[in-house]
Ligand SMILES: *Cc1c(COP(=O)(O)O)cnc(C)c1O
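In our numbering, the protein residues as written are 357 to 996.
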């Protein structure tokens, strides 16, 4: 193997190219040997562990790619960062209240995540937010800290309410946030029946609208929250029922991934007016819950692009504390406990998807075109002369001629006037001319509009061992872009431009948007594959929302999951490994019975024996392989 190392290329160049220092929030870095490493901060200093060492550990445990890797330290670190940033802002500005966060379970419901948040978050009384009965049950089973909040959002039926009321009785700080007016009578009735006084919050529908993908969650037409007149009716009803003292929390949520800090300030300002008025109505209040929205800078560009954010965590906390103080001090209203429901920012960094490339289509002429034989069609000779006479100054003309001859030749092929072999020669000539045009464009000052897509037209297709529908659903559904890069060979110059196709047979199963400074680019620089060496990529920042939104397109199932914890001495422990779905598991999800399937196949094989098509011994071997397939992983397996 001869790695094509260009002496001029350094790991620094790779770090810049893939923007790792910009998007990784300090959690990932490039090692001197050209691997991506996870970086964990300990009191004694930073510890780096190469992701390639982790991949080796995964293979030693007999787990195949793709693997979802969870790094527990990063979850702890993000919880600490959020809480410490609020503490610092509160101390610095002399705010007379505290911060108490909750994690919204819907953002990542995996037991691992919730248990770690409950365990590590206990020192900050970090709680959980539940949007359904199932999530409330998760919260109750995970939390033991009686100071931590359980905020119940979502539509609540009598059973949901009963569950929450009984949790109150057991000492949980479980708050019902009223989303619609119909919930109040249920709460009144059930709390009377059970003799338990509820903790009540109200969700306000703010008029402030925010930028970003989720802006429909904000403004008048938001499907969530109470209008001002509904809010007033609820206050009146609580007064009538002598329950106004139960109203302790105001909630608002403007949507996820809010890129612009000015929108957040505006929303907090409006929320404060609601809060002040509820206090003036006689409610005790005490908690101001600002929902989620704290963004993740997927691009690493610090802008108000929907994939980025124009503020830091410190700024977010400081601005919230400042706006609340300014608004409330003017009305002499006591400072509430600030609650946020930050989900995305808490878990995004903690998971990454590792996958290998199992095949590549290089878009380049193979074999290199040579002069056509005398008796080739004249159009092919014309095409060849475009190549021979190619000049960088005449890009557009060469392009026009090439397209013309190519289309004519394809037409002739359709009518049976030239052979497949001749057409293949022509297509190779076209690729070579296009390749030269792109090289010339790289040198040119500007690209003619018609030629803008040519580079992508020539991009290689790298086939990744993953299903986007299963592992990166937002990349498919809402054009989310995740940082993606090779996790090794970063001391080599990547010489190819590529898009990634996944393993499903769906033309949407592709990644052709990659992060860039001010948005996205359509190709990703990658390395030529080395023979006999696997090539590994990582999709980063996938800890939020991706794990349970995924589906079983083409029956690719859950991937293997490995959780690790990095130790202060530079070693790492595999704290949990979860085998991905087997083919039998997946078939079960769509109502097949793997046992029936096997028996039917066995009958088919038996009939073949009777016909004399195979021997009994062959039958046994076929059945054993079939059975092994049923037990096997749904993804591309390298070693049979
Ligand atoms: C989804 C959701 C969140 C989480 O928002 P992030 O932007 O991921 O922090 C918080 N609160 C509510 C009510 C939600 O629906």
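Even for Gly, the Cβ is constructed at its ideal location relative to N, Cα and C.
- In this structure, residue 404 sits away from residue 920, with a CB-CB distance that is not shorter than 9 Å.
- By the Cβ criterion, the region 697-704 is in contact with the region 650-667, since at least three pairs of Cβ atoms, one from each stretch, lie closer than 8 Å.
- By the CB criterion at 9 Å, residue 506 and residue 458 fall inside the cutoff.
- For residue 966, the enclosing alpha helix (DSSP H) begins and ends at 950-967.
- In the displayed model, residue 735 falls within a helix according to three-state DSSP.
- Uninterrupted beta strand (DSSP E) stretches at least 3 residues long and entirely within the region 820-880 occur at 840-842, 852-857, 870-872 and 875-877, given in chain order.
- Of all C-beta pairs linking the region 507-519 to the region 674-685, fewer than three are shorter than 8 Å, placing the two stretches out of contact.
- Taking 8 Å as the cut-off, the C-beta of residue 463 counts as close to a heavy atom of ligand 1.
- Residue range 514-525 is occupied by the alpha helix (DSSP H) that includes residue 517.
- With respect to the 9 Å criterion, residue 758 and residue 716 are not classified as neighbours on the basis of their beta carbons.
- Less than 9 Å separates the beta-carbon of residue 575 from that of residue 562.
- DSSP places residue 662 in the coil class of the three-state scheme, outside both helix and strand.
- DSSP places residue 672 in the helix class (H, G or I) of the three-state scheme.
- Per DSSP, residue 617 is one residue of the alpha helix (DSSP H) stretching across 617-636.
- At a cut-off of 4 residues, not a single continuous stretch assigned as alpha helix (DSSP H) sits fully inside the region 422-448.
- In this structure residue 826 is buried. Its beta-carbon is surrounded by 16 or more other beta-carbon atoms within 10 angstroms.
- Contact annotation, residue 842 with residue 901: C-beta distance approximately 25 Å; criterion of less than 8 Å not satisfied.
- Following the DSSP letters along the chain, one finds residue 459 inside the beta strand (DSSP E) bounded by residues 458-460.
- The beta-carbon distance between residue 693 and residue 454, rounded to whole angstroms, is 5 Å. This is short enough to meet the 8 Å contact definition.
- Excluding five sequence positions before and after residue 678, the CB atoms of its chain that fall closer than 7 Å to its own CB belong to 449, given in chain order.
- Per DSSP, reduced to three states, the secondary structure at residue 589 is helical.
- Taking 8 Å as the cut-off, the C-beta of residue 569 does not count as close to any heavy atom of ligand 1.
- Put simply, the backbone Cα of residue 580 is about 10 Å away from that of residue 509.
- In the DSSP assignment, residue 477 falls within the unbroken alpha helix (DSSP H) covering 467-477.
- One thing to note: residue 879 has its Cβ within 9 Å of the Cβ of residue 868.
- At a threshold of 8 Å, residue 609 counts as near ligand 1, since its beta carbon sits closer than that to one of the ligand's heavy atoms.
- Nearest to residue 993 by C-alpha distance, out of 726, 916 and 943, is 916.
- Each of 922, 955 and 933 was checked against the Cα of residue 401, and the nearest Cα belongs to 922.
- Assigned with DSSP and collapsed to three states, residue 404 falls in strand.
- Taken from the Cβ of residue 483, every heavy atom of ligand 1 lies 8 Å or farther away.
- The Cβ-Cβ distance between residue 502 and residue 528 falls below 9 Å.
- By the neighbour-count definition (other C-beta atoms within 10 Å, threshold 16), residue 381 is a buried residue.
- Within 8 Å of the C-beta of residue 648 there is at least one heavy atom belonging to ligand 1.
- For the pair residue 566 and residue 619, the CB atoms are nearer than the 9 Å cut-off.
- Here the alpha carbon of residue 472 sits roughly 51 Å from the alpha carbon of residue 807.
- Around the Cβ of residue 398, a 10 Å sphere holds fewer than 16 other Cβ atoms; the residue is exposed.
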